[in-house]
Amino acid sequence: MYLGVHVSTDRKSLTGKTMEFDFKHIEEKWQKVWRERKLYRSQSLPDKRKYYVLEMFPYPSGRIHMGHVRNYTIGDVIARYKMLRGFNVLHPVGFDAFGQPAENAAIKNNTDPGKWTCECIDRMKKELFRMGFSYDWDRELATCLPEYYKWNQWIFLKMFEKGLAYKKASYVNWCPSCLTTLANEEVIGGGCWRCSTPVVEKELDQWYLKITAYSDKLLSGLDTLKNWPERVLTMQKNWIGKSYGVEIYFKLENGEVLRVFTTRPDTIFGATYVVLAPEHPLVKQLIVNKPQEKEVLGFIDKVAAESKLARVGTDVKKEGKFTGAYAINPVNGEKIPIWVADYVLMEYGTGAIMAVPTHDQRDFLFAKENNLPMRVVITPKDKESRVEDMVEAYEDEGIMVNSGAFNGYTSAEGKKKIALWMEEKLMGKASVHWRLRDWLISRQRYWGTPIPIIYCDSCGVVPVPEEALPVVLPKNVKISGEGGSPLGKVKSFVETQCPKCRKKARRETDTMATFLDSSWYFLRFCSPRDTKAPFDIEEAKYWMPVDQYIGGIEHAVLHLLYSRFFTKFLKDLGQVHLAEPFDRLLTQGMVLKDGEVMSKSKGNIVDPDEIIKKYGADTLRLFILFAAPPEAELDWNDTGMDGAWRFLCRVWRLVAALPHTGALRKDKGQLLPGRHCAVIKKMHKTIKKVTQDMEGGFKFNTAISSIMELVNELYRLSEPEQKSEEAVDALRAIVTLLAPFVPHVCEEMNHMLGGKESVFKASWPSFDEAFIKEDEVSYVIQVNGKVRSKVNAGVEASEEEVKLLALGDPKVKEWLKGISVKKIIVVPGKLVSIVAVPASGRG
RNA sequence: GCCGAAGUGGUGGAAUGGCAUACACGACGGUCUCAAAAACCGUUAGGUUCACGCCUGUGAGGGUUCGACUCCCUCCUUCGGCACCA
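According to this note's numbering, the stretch in the first sequence is residues -15 to 827, in order.
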């Protein structure tokens, strides 16, 4: 039996005599044991409560960084804790293996992206393994394998069947560096999410998924996510962006109708011009044969050439041109000019607005610049406002004026009344507009899932039949990196037969956005080897939802929105029973160094591998968990690592100093009764506190600190006392309480304490209130809000008794000299607050 | 501009209406040692006092309360997200 205390050879700075433990030996030993015994293999057991804990699976870059370490450590602690609580835990891992980095690496090194990815996965697995994570490796998956992406194609075809996958020509976001299109969610601050290059617009024929069909459900579903961070909910809510308003119909001279969306129908009488987005389909009709034609066309080209970033920048001046055409305001028959301007966006609302310069700041600035008319239609209460005095638009609510029959109403009333009136007179229609756009999924890249579509000259767009799946991504493809879908150059792939008419046809050569792969992988983990379906419905019924999901905030509106969309779609398809995939969400904070994000360019990266070599995985885990709460940012510091290491050594020494485990029970120490109680009481208190911290939101840092307190308590004992039965009981509790955080060393200590099984087969220690209960409580005594003394009182003491005790206290008496007591507040078990005023009777 | 989060010792952080600064890091002092390291013990918000103490103190200011880091109002600062959304 291993009982020895080894001197670490890797850490020169802390080599003591029998002070340290050999983490290298211990970690390797237990990782091997766990693997061989398949300790973390999971299977559905209908009679057992399940717990599905999942961390956002990694992109296999080949190396893990501190962000990964933190993310997966948090998940691992939760998984191990739930195991100890008797749950049937599912804790899988896989790789989000399609994507551009592999393709770029392939271009650079002239290798195959598949080979590169597999090598990265292997390297990464070794690193993950060294951290001691409790993954069920039998469920490992990689999205780049045909057995996985076949089901991406299957889901796509189901969507196509339901009209939720469609192709359309439109203006799309284009990254000039990645040479591919981007979804709206992938444009971050006007730049590409991957390389930050300013995104430009391009008119292309592309595939979309109709996520907007689920706008309402995606929005209302947010209310059911009680255990998601407020921040993420808000971000999704804003992203979906529901606004209520009215669509108003303006007649044009040529008989066409221009639809305009507004959230302020109460200002319609103040509309003095209308503005179209430069891309608006009516613009070109309106200017035909007008003197303005040439100028407007020039302006449209100019806007089209601008990057999105340049167009929507804060300080960019709004520019526009008069089209020469007019529209009729339906409420008063007024003929108002139609302009084209860059501040109106085609992708929102109807791509056209009614401009009310007096009550919209953007319209105000634009009208001033271009000498357009203005009319006040809303005034602040009890105040007159005049156009001549206005220095900015009045955007608040107010009283309607110059608005015909609606004069005198408040804007809130007016909004409702005008909407009703317009509907009645067919001038417009109450409507809702969304900010959310359909999800553009075509990518002009190689390393992704082929879109299972065939183009036939006779039959048109034909889906690949289900039985012909997967459409396998061809290997050995020459990727130039010069743009254009690489699959387009693979003759054997492109040329195919039409599934309908058997004539020659062509395959779609774009691949799917990789966010599609990750939109349902959590379902695949329920039955990862299923060959008949994306996942087994019964298995999913047992394991889903993910009880605890953990990942970075950067996916607040990308992955987390798409996954919700897919789950809702699969529910409608009858594949899954729930509408929301993730019950609880924890967004872990970033790992910083000197207050800055770790990055190659800043040269401030701390490599987990080096830290593991120097301190071991347990110490690294402990430091990361102890240094900050999981949601908060964590500033890396090396001395903190030493602290974590020292603590583990302190615990280790207590265990290592015990005589051979077999003799322990006989070796009753000689504890004084008072001491005896103190250790046992502290143990029960600690178990209670740690349990509460784990249950009430995973407050690992405070859980660990309370375990430290218990350890400190043991160090206050004499050496013989440290070997007493009571101390050993406390040590056993410590080992189990610490096990989720530092699993290897706890396995070893559990073994040293005579444990025959893995510590994770044990159950979480329980506490007994009877041991925690105090006979006496210390009451704080405040006089006029300041702490002046303390008294001890029995737990059972009545308020009256406590009051008398407080008033009898000599220090309190001193403070009450010359003033008279007005009121005494007793908070049972806590404090007495005495309110007193000067006795001189002035008041 | 809008939305969100945060602001506490030299540092990371704890306390969500009841003793502010648990736990840890760092620093200082001590024990052990020829010495150092390690380990162990102690001190460590500021001011004031020989001392017991007392006063001040959780970004700023105000309010509610017997009592506020905690709740409310008005600001300031930092970070994050969104941003011509009609």
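Cβ atoms here follow ideal geometry from the backbone N, Cα and C, with glycine treated the same way.
Inset, instruction - Quick one: give me the first and last residue of the alpha helix (DSSP H) that Cys159 is part of. - result: Taken as a continuous stretch (DSSP letters only), Cys159 belongs to no alpha helix (DSSP H), being part of the beta strand (DSSP E) at Ala149 to Cys159.
- Query: If you run the structure through DSSP and keep just helix, strand and coil, what is Leu38?
  - Reply: In the structure shown, Leu38 adopts extended strand secondary structure according to DSSP, grouped into three states.
Checklist entry - Does the Cβ of Glu11 have 16 or more other Cβ atoms within 10 Å, making it buried, or fewer, making it exposed? => result buried
(request) Assign Lys787 to one of three DSSP states: helix, strand, or coil. (result) helix
>> Taking the alpha-carbon of Lys487 as reference, which of Gly468, Val446 and Val280 has the nearest alpha-carbon?
In response: Val446
**Message:** So the candidates are Val635, Glu741, Thr686 and Lys740; which of them puts its Cα closest to the Cα of Gln706?
**Reply:** Val635
Practice problem: With a floor of 4 residues, list each alpha helix (DSSP H) that falls wholly inside the stretch 477 to 530, ordered by position along the chain. | Solution: Whole alpha helix (DSSP H) segments, 4+ residues: 505 to 508 and 521 to 527.
Pick helix, strand or coil for His417, following the three-state DSSP scheme. His417 sits in a strand when the DSSP states are folded into three classes.
Item to complete: Would you be able to state if there are at least three C-beta pairs under 8 Å between the stretch 395 to 413 and the stretch 136 to 149?
Response: no
### Query
What whole-angstrom Cβ distance do Ser426 and Gln84 have, given they're in contact under 8 Å?
In fact, because the Cβ distance is near 14 Å, the residues do not count as touching under 8 Å.
Alpha carbon to alpha carbon, how far is Ser817 from Val805? 11 Å
| Residue from Ala611, Trp423, Ser415 and Asp366 with nearest C-alpha to Val156 | By alpha-carbon distance to Val156, the top candidate from Ala611, Trp423, Ser415 and Asp366 is Trp423.
message = Tell me the rounded alpha-carbon separation between Val478 and Trp748.
response = When rounded, the distance between both Cα atoms is 59 Å.
Do you know how far the Cα of Val456 is from the Cα of Pro130? 6 Å
| In three-state DSSP terms, what is Cys661? | In the structure shown, Cys661 sits in a helix (DSSP, three-state: H, G or I).
Q.
Rounded to the nearest angstrom, what separates Lys319 and Ala311 at their Cα positions?
A. 6 Å
What residue from Ala723, Pro704 and Arg637 has the CA that sits closest to Val674's CA? Ala723
Supposed contact pair Glu376 and Ser395 - C-beta distance, whole angstroms, cut 8 Å = Not confirmed; about 17 Å, so no contact.
Whole angstroms is fine: what's the gap from Ala403's alpha carbon to Asn588's?
58 Å
- Query: Expressed to the nearest angstrom, what Euclidean distance is found between the alpha-carbon atoms of Lys274 and Leu329?
  - Reply: 24 Å
Exercise for the section: Tell me where the beta strand (DSSP E) around Ala63 begins and ends. Expected result: Segment Met50 to Leu68 is the alpha helix (DSSP H) holding Ala63; no beta strand (DSSP E) there.
Closer than 7 Å: Gly444 CB and nearest the ligand SAH heavy atom | In the structure shown, the ligand SAH is absent, as is every other ligand, since no ligand is present at all.
Would Pro30 be called buried (16 or more neighbouring beta carbons within 10 Å of its own) or exposed? exposed
| task | Put Pro341 into one of helix, strand or coil per three-state DSSP. | result | DSSP places Pro341 in coil when its eight states are reduced to three.
According to DSSP, residues forming a beta bridge with Tyr760: Note on residue identity: the sequence assigns Glu, not Tyr, to residue 760. DSSP lists Gly778 as partners of Glu760.
What's the C-alpha gap between Ile337 and Glu279?
21 Å
- Does DSSP classify Asp250 as helix, strand or coil? helix
Could you check if Val811 is buried or exposed, using at least 16 other CB atoms within 10 Å of its CB as the buried criterion? exposed
Note to self: Between which residues of its own chain and Ser227 is the CB-CB distance below 6 Å, once the five residues before and five after are set aside?
What the structure shows: Thr247 and His417
So, does the stretch 571 to 586 touch the stretch 604 to 623, judging by three or more C-beta pairs under 8 Å? yes
Query - Leu129 (DSSP reduced to helix, strand or coil) - result: coil
>> When you compare the CB positions of Tyr526 and Lys34, do they come within less than 8 Å of one another, or not?
In response: yes
How would you write the range of the alpha helix (DSSP H) that Cys162 sits in, first residue to last? Where Cys162 is concerned, there is no enclosing alpha helix (DSSP H), given that its DSSP letter is neither H nor E.
- Message: What would DSSP say about Cys179, mapped onto helix, strand or coil?
- Response: coil
Review point. Does the separation of the CB atoms of Tyr430 and Thr495 fall below 8 Å?
Key: yes
So, under 8 Å CB-CB, Ile756 and Lys787 are touching, yes? Tell me the CB distance rounded to an integer number of Å. Going by Cβ atoms, the distance from Ile756 to Lys787 rounds to 26 Å, so no, they are not a contact pair.
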